[in-house]
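When we follow the working numbering, the leftmost residue of the sequence shown carries the number 10, and every step to the right adds one.
We treat Cβ as the ideally placed atom computed from N, Cα and C, and that holds for glycine.
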Amino acid sequence: MRKRYPSLQRIVGSSGAGVIGTGKAGPQELEDEPAVSVTLGCLPQVNTSSFHVTEGSLPDADSSPAEWQALSGVEIDSPGNTSFVVMSNPQFGGIVDLLAGLDFAFPEATKIGGLSSSHNMGAPTATFSWSSRQKADEPEHGVLQTGAVVLVLQGNLVMEPIIAQGCQALSDRIWAIDKMAHNNMLLELTSVSGKRTSCTALKALQMDIEGLPPAARASAGANLTMSVAPDDFKDTSKLDAADFLVRGLLGADPRSGSIAIGESVRLGQRVRFMQRGREGAMQDLQNMGLAYKRRQLQASMEGKSGPAPFGALMFTCNGRGRNLYKEADYDSRTLTSFIPVPVSGFFCNGEIGQVGKSTYLHGFTCAAAILRPAPPDNHA
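Right, dumping it as structure tokens:
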């Protein structure tokens, strides 16, 4: 690449169980075969940098923002827009701490990305990071099998995340946590939408399942999840799917009626019971696309529409694709049906994206970032 395009300043990437790109016929997802997807970017007034972080170089939980500035090379109070694209080895034990640290030091920055993957479970994966300062005849120095590579983009670029977590709600009901046994063990819930009802967590789940149509009830016990609203202050009537973080259900105790969830939660937090699957994943991504279009229409009506988007990055779960949809290219085709731009990305072993003001590691998710120039008064 550097020999063919000598002006290249930086190359970053990752191995994947499949790759996503755009050809003459539109978006394409190549799975279970050797393939590469290459995106070249000419980004006027955008400064790029990258850094590699390992568990040994990761600042600890008590570190100051200045230490994150030293790690990333990004000034804490730098003007304009900042975005981070994070690509990590799946064995990197510091990924959650890395995302939390970036949120702490750079709360206004967009974060998106995924964990590297391979076609064969257990096979080695890699991330890639080269800069124009490295010798072109030493490419192996940019192949990394530990830690995470972070691409930093600053200046005339806005990344708008779309995070589709592949689930649909069992009902319209939203519950609040009334009683807990541990930080992830729910004992009692109270309905805060519609008729107010208090019961054990397990009874609440049963109520949601019983409200399903008979045909859907039989399969409702499979792939159950729960979504949690991190924002305690947003009005319940205004919460939508993008406000909830999906996490797995770890188990239930029929004697106490408790349910364990794969996330630490707090008293008073609002939750919904969800189900993962093909139909839910399809509907969820379509809903996220429609919500994006509605936001753009609203901005246009208010005279606040910005420059048109020119591309998209997509990090989708290796559990999606043909194995889930029974058809090719579904995620990329659906996204570009709402935002008709070239798309590039890969199939991940975990996806990175924001819910509310925090960045999380997801599963079974399509995490995308829509790229557009910054408004004229919004970049350095």
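Residue j beta carbon less than 8 Å from that of residue i
| i | j | result |
| --- | --- | --- |
| residue 133 | residue 100 | no |
| residue 165 | residue 53 | yes |
| residue 211 | residue 268 | yes |
| residue 169 | residue 34 | no |
| residue 97 | residue 80 | no |
| residue 273 | residue 112 | no |
| residue 252 | residue 372 | no |
| residue 375 | residue 250 | no |
| residue 214 | residue 137 | no |
| residue 229 | residue 221 | yes |
| residue 90 | residue 167 | yes |
| residue 327 | residue 357 | yes |
| residue 325 | residue 354 | yes |
| residue 48 | residue 156 | no |
Supposed close pair residue i, residue j - CB separation, criterion 8 Å
| i | j | result |
| --- | --- | --- |
| residue 25 | residue 126 | 5 Å |
| residue 190 | residue 198 | Contact flag wrong, Cβ pair sits at about 13 Å. |
| residue 315 | residue 384 | 5 Å |
| residue 5 | residue 298 | In the structure displayed, the chain extends from 10 to 389; residue 5 sits before or after that span and is not available. |
| residue 280 | residue 186 | 6 Å |
| residue 305 | residue 233 | So it is not a contact: roughly 34 Å between Cβ atoms. |
| residue 330 | residue 121 | Not a contact, Cβ separation roughly 19 Å. |
Rounded C-alpha distance that separates residue i from residue j
| i | j | result |
| --- | --- | --- |
| residue 296 | residue 70 | 36 Å |
| residue 29 | residue 255 | 24 Å |
| residue 335 | residue 75 | 48 Å |
| residue 292 | residue 60 | 37 Å |
| residue 216 | residue 68 | 45 Å |
| residue 103 | residue 310 | 44 Å |
| residue 302 | residue 382 | 17 Å |
| residue 261 | residue 162 | 44 Å |
| residue 117 | residue 105 | 18 Å |
| residue 42 | residue 27 | 8 Å |
Flag this pair as touching only if the region 171-179 and the region 286-295 have three or more C-beta atom pairs under 8 Å; answer yes or no. Short answer: they touch.
What runs of the alpha helix (DSSP H), each 4 residues or longer, lie entirely inside the region 252-326? Taken in chain order, the complete alpha helix (DSSP H) segments of 4 or more residues contained in the region 252-326 are 287-310.
So within the region 50-75, which uninterrupted beta strand (DSSP E) runs reach at least 3 residues, ignoring any that extend past its ends? Within the region 50-75, the complete beta strand (DSSP E) runs of at least 3 residues are 55-62.
Secondary structure, beta strand (DSSP E): runs of 3+ residues fully inside the region 78-150: 90-97, 119-124, 136-140, all fully within the region 78-150.
Quick check: the region 30-44 against the region 80-91, are there 3 or more CB pairs under 8 Å? Cβ pair count under 8 Å is below three, so no.
With three or more beta-carbon pairs closer than 8 Å as the criterion, would you say the region 317-325 touches the region 334-353? The region 317-325, when compared against the region 334-353, does touch it at the 8 Å Cβ threshold.
Quick one: which unbroken beta strand (DSSP E) runs of 3-plus residues sit fully inside the region 170-228? Chain order, please. Entirely contained in the region 170-228, the beta strand (DSSP E) runs reaching 3 residues are, in chain order, 176-178, 184-191, 194-200, 207-209.
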